[in-house]
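Below is one structure, written out as C-alpha cells; comments come after it.
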Amino acid sequence: MDWIEGAGYKKRVLAGESELGRGSLVQIVIIGPGNEVKPHYHGLQTEFFYILKGTATLSIAGEEFEAKPGATYITKPNDMHSVKNDGKTDFELIVFKSNWRENDSYW
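The number in the working numbering is simply the position in the sequence shown, starting from 1, with 15 added.
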C-alpha cells in the first residue's frame, strides 16, 4: 500500500478488511516534528493507538497525555482527539481501528 499524505501527517494501511474482516483496519501514522493531527472524532469506530517512536501531546476527550514509545491509548466513538508532535523527531504510531467505515472522520 502507498503512503497517504494528510495535513501534517502521513499514513499507510498495513492490513484491512480483506485480511482482518469487516470493519477492521491497521495503519501506521507518522507525524513530523512541529506538525499535528487536528481535533476530530469518529462517529462509529474505536481506535487503539500503540506508540512506536518519538513523543507527542495526545488529547482524547479533553484529557492530555504525553505519549511515549510503548504506551497505548483508546478513543471511542465521538471522543474528540488530536495529536501534536512538539518534539524534534518523527512521532510514529500504529492505529488499530474497529468498526471502521469510510468517511467516518469529522473535523
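Glycine residues also receive a C-beta, built at the ideal position from the N, C-alpha and C atoms.
**Study point:** Terminal residues of the alpha helix (DSSP H) in which residue 33 lies
**Key:** As a position in the sequence shown, residue 33 is number 18, starting the count at 1. Segment 32-35, the alpha helix (DSSP H) holding residue 33.
Practice item. Report the rounded CA-to-CA distance for residue 37 versus residue 60, giving the unit in angstroms. Key: Counting from one through the sequence shown, the residue named residue 37 turns up at place 22. Counting from one through the sequence shown, the residue named residue 60 turns up at place 45. Taking the straight line from one Cα to the other gives about 12 Å.
Practice item. Please go through the same chain and pick out, in chain order, the residues whose beta-carbon is closer than 7 Å to the beta-carbon of residue 100, but skip the five residues on each side of it. Key: Residue mapping note: residue 100 aligns to position 85 of the sequence shown, counting from 1. So the list reads 46, 47, 48, 49, 50, 51, 69, 71 and 106, once near-sequence residues are dropped.
**Study point:** Identity of the residues DSSP links to residue 27 by a beta bridge
**Key:** Translated into the one-based positions of the sequence shown, residue 27 becomes position 12. Bridge partners of residue 27: 43.
Review point. What's the call for residue 19, buried or exposed, on a 16-neighbour Cβ count within 10 Å?
Key: The residue you call residue 19 lines up with position 4 of the sequence shown. Exposed, because fewer than 16 other Cβ atoms sit within 10 Å of the Cβ of residue 19.
Practice item. Can you give me the start and stop residues for the beta strand (DSSP E) that residue 59 sits inside? Key: The residue given as residue 59 occupies position 44 in the sequence shown. Residue 59 -> no beta strand (DSSP E), and no H or E assigned at all.
Review point. Would you report the Cα separation of residue 41 and residue 66, rounded to the nearest angstrom?
Key: Numbered from 1 along the sequence shown, position 26 holds the residue referred to as residue 41. Numbered from 1 along the sequence shown, position 51 holds the residue referred to as residue 66. About 13 Å.
Check your understanding: Just the Cα atoms here: how many angstroms apart are residue 109 and residue 120?
Key -> The sequence position of residue 109 within the sequence shown is 94, counting from 1. The sequence position of residue 120 within the sequence shown is 105, counting from 1. Cα to Cα, the separation comes out at about 17 Å.
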